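Residues in the sequence shown are numbered consecutively from 0, following numbering that gives the first Met the number 0. Glycine included, each C-beta is placed from N, C-alpha and C at the ideal position. All figures in this text were calculated on a predicted structure; none of them were measured in a lab. Some notes on the structure that comes next.
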Amino acid sequence: MKKVSVIAAAVVGALASGAVMAEDKVQEGWQVNGYGHLLYNVGESLQLNETWEHRRDYRAAGAAFSGNPNQVEFTVTKGNNYENGAWSKYVLKTEYGNNEGGNGRGFYGSSGGNDSHLSSGQLEFKEAYVELGDLSMFAEGTSIWAGKRYLNRQAGIITKEYWKQSSGLGAGVEYKGLDFADNLGFAVVSADPGDGYCVNTVTPDNGPDYDETVNGKYCNTLDDGRSTTLTSLDLYLYGIKGLGGSFDFDLKYQVRAHSDQYRVDTNTPDAAENGIGAGITYSRDYYGFDGWSLTGVTYGKGIAATKGTNFGNWNGGWAEDDVSLFLTSYGVANITENVQLGSEIVYWNIDNNDRGQVWGAQDGVTRAFLGLTPTYRVSDNFRWEAVLTAASETAKGWRTDDTTYFYSATLAPVFTVNADYWGRPQIKPYIAYMSSSDDSYGWSQSSKGSDTRFGIEAEIWF
Numbered sequence: 000m001k002k003v004s005v006i007a008a009a010v011v012g013a014l015a016s017g018a019v020m021a022e023d024k025v026q027e028g029w030q031v032n033g034y035g036h037l038l039y040n041v042g043e044s045l046q047l048n049e050t051w052e053h054r055r056d057y058r059a060a061g062a063a064f065s066g067n068p069n070q071v072e073f074t075v076t077k078g079n080n081y082e083n084g085a086w087s088k089y090v091l092k093t094e095y096g097n098n099e100g101g102n103g104r105g106f107y108g109s110s111g112g113n114d115s116h117l118s119s120g121q122l123e124f125k126e127a128y129v130e131l132g133d134l135s136m137f138a139e140g141t142s143i144w145a146g147k148r149y150l151n152r153q154a155g156i157i158t159k160e161y162w163k164q165s166s167g168l169g170a171g172v173e174y175k176g177l178d179f180a181d182n183l184g185f186a187v188v189s190a191d192p193g194d195g196y197c198v199n200t201v202t203p204d205n206g207p208d209y210d211e212t213v214n215g216k217y218c219n220t221l222d223d224g225r226s227t228t229l230t231s232l233d234l235y236l237y238g239i240k241g242l243g244g245s246f247d248f249d250l251k252y253q254v255r256a257h258s259d260q261y262r263v264d265t266n267t268p269d270a271a272e273n274g275i276g277a278g279i280t281y282s283r284d285y286y287g288f289d290g291w292s293l294t295g296v297t298y299g300k301g302i303a304a305t306k307g308t309n310f311g312n313w314n315g316g317w318a319e320d321d322v323s324l325f326l327t328s329y330g331v332a333n334i335t336e337n338v339q340l341g342s343e344i345v346y347w348n349i350d351n352n353d354r355g356q357v358w359g360a361q362d363g364v365t366r367a368f369l370g371l372t373p374t375y376r377v378s379d380n381f382r383w384e385a386v387l388t389a390a391s392e393t394a395k396g397w398r399t400d401d402t403t404y405f406y407s408a409t410l411a412p413v414f415t416v417n418a419d420y421w422g423r424p425q426i427k428p429y430i431a432y433m434s435s436s437d438d439s440y441g442w443s444q445s446s447k448g449s450d451t452r453f454g455i456e457a458e459i460w461f
């Protein structure tokens with residue numbers, strides 16, 4: 000079976016949309032690419048935090064753990080090649096229905112015309128940037144860019160969780176003329192902390208406390224209304240060949256604006272004012288077998304404690320001595336002509352030796368995750384797929400036991416136009432079972448300890 004990766008699939012899709020002349024440095028003209036994820040949870044009435052939070056915290060994974068029942072993305076790219084040797088590229092990515100930040104109401108929309116009324120973040124521009132390359136005043140292979148983008152993104156193939164990126168507004172330069180590496184880059188990316196909303200607890204003169212949803216422009220700000228913008232300075236060197244594969248290196252230094260006043264106004268004297276993150280990524284075949292794999296190790300402190308190299312508006316809540324050590328390895332093995340195996344392992348330790356606790360857990364939080372996705376191709380249009388996960392979470396003080404274990408199993412017949420592991424589009428009915436060693440652990444408000452869910456998931460990318 001042919002070796003297939005996410006990158007290869009994206010390249011094939013892009014090339015299929017139009018011919019590229021040999022002398023062109025970027026694809027000439029307009030391109031449209033997209034992604035769609037449509038999920039129907041049969042017989043369920045779930046809150047968003049009863050799905051995606053289990054996966055976000057590396058406790059389970061699979062179709063039942065997505066908070067995006069109707070997520071649609073379109074990316075429009077305009078490329079031009081010029082007679083003087085320069086090239087340009089304009090990229091615009093729009094997204095509808097990403098509910099994993101707490102946006103939206105639930106899972107079952109209708110055609111009433113106002114499903115998203117007063118719901119934030121239903122339609123957003125996620126990327127909009129301009130890139131110029133091979134300008135006459137720079138060395139051949141140099142490009143510059145400015146705008147809003149996801150820079151150097153990487154995510155697990157089973158958890159779907161991003162562990163490397165710089166997401167925000169900024170600018171950068173890249174050079175691809177090195178003999179010993181594919182790409183050397185430097186970028187500055189900024190993001191205001193927090194989502195488009197926050198929840199504040201209100202204490203009235205009479206009556207009990209209650210939570211109030213507040214517009215995001217009033218969240219994570221100083222008392223005088225000024226923002227506390229986060230900024231990441233990224234230096235990266237990618238594509239160094241060695242040990243039968245390729246190495247990528249990332250180094251990030253991050254700062255928070257007005258951090259001294261933020262500590263005073265929020266009464267958080269140990270809030271991080273800066274941070275440093277570093278990561279190494281190693282890509283090769285599937286650990287010596289047919290297929291592909293990617294292994295990443297990252298370190299982060301302070302603002303960079305979100306897995307070290309994962310920067311965005313979510314980095315605002317760390318203390319100055321919070322330390323993160325993150326390890327992940329995932330890939331797809333081609334076992335036979337009809338059998339493939341996807342796998343992902345994760346280890347994430349978050350600690351603070353100064354305070355002795357993180358998020359209220361004594362001695363920090365340690366998470367470990369193992370996921371396996373075996374698939375069996377029956378024909379070009381049908382395959383069987385399973386998602387099997389086991390996870391542990393050590394956090395003293397959170398639950399009865401210091402360490403809690405989580406297990407999930409999903410079985411699905413997959414109807415598709417291409418029965419490869421990455422074959423899309425597809426429609427996938429599934430049954431998922433989940434359990435925890437803690438009988439009081441809530442998979443939802445109505446299920447403790449264990450739960451079984453049914454659903455149908457559809458996916459397409461082009």
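8 Å Cβ cutoff met for residue i and residue j
i    : j    : result
I239 : A180 : yes
N219 : G359 : no
G61  : A431 : yes
D400 : D438 : no
I302 : W317 : yes
A385 : I349 : no
T74  : Y89  : no
A270 : R262 : yes
N97  : N67  : yes
S435 : T403 : yes
A186 : D247 : no
F325 : S231 : no
A145 : G176 : no
T308 : K163 : yes
Classification of residue i by the beta-carbon crowding that lies within 10 angstroms, buried from 16 upward
i    : result
P203 : exposed
Q479 : As shown, the chain starts at 0 and ends at 461. That puts residue 479 outside it, with no answer to give.
E392 : buried
R225 : exposed
G206 : exposed
G287 : exposed
N266 : exposed
S323 : buried
M20  : Only weak support is given to the placement of M20: the predicted model assigns it a pLDDT of 43, under 50, and the value that follows is read from those uncertain coordinates. It counts as exposed.
N151 : buried
T374 : buried
V188 : buried
T327 : buried
Y217 : exposed
Y440 : buried
Given residue i as reference, the closest of the options once Cα atoms are compared
i    : options                   : result
P428 : S434, T409 and L47        : T409
R398 : V364, Q121 and P373       : V364
P129 : T308, G171 and I279       : The residue you asked about is not Pro; residue 129 is Val in the sequence shown. Of T308, G171 and I279, the residue nearest in Cα terms is G171.
L45  : E82, D191, A418 and W442  : W442
G299 : D264, L293, S292 and D249 : D249
F381 : Q356, F414, D353 and G355 : F414
V25  : G132, G422, L122 and E94  : G132
G353 : D320, L134, W383 and N80  : Checking the sequence, you will find Asp at residue 353 rather than Gly. Nearest of D320, L134, W383 and N80 to D353, Cα basis: D320.
D379 : L234, W421 and N199       : W421
A390 : V377, M433, G244 and D362 : M433
D450 : Q70, A457 and S407        : S407
M136 : G84, Y252 and R423        : G84
Reduced DSSP category for residue i - H, G, I as helix; E, B as strand; rest coil
i    : result
A21  : With a pLDDT of only 46 at A21, under the threshold of 50, the placement of this residue in the model should not be trusted, and no figure is reported.
N205 : coil
V416 : coil
I302 : helix
E272 : coil
S87  : strand
R54  : helix
E458 : strand
L47  : helix
A170 : strand
Q121 : coil
F325 : strand
Q339 : strand
T403 : strand
N309 : strand
F185 : strand
L410 : strand
N97  : coil
Supposed close pair residue i, residue j - CB separation, criterion 8 Å
i    : j    : result
Y57  : T158 : 6 Å
I459 : G35  : 5 Å
V296 : I279 : 5 Å
N182 : Y237 : 4 Å
Y95  : L122 : 5 Å
E482 : G78  : Residue coverage of the chain in this structure runs from 0 to 461, which leaves residue 482 outside it and unanswerable.
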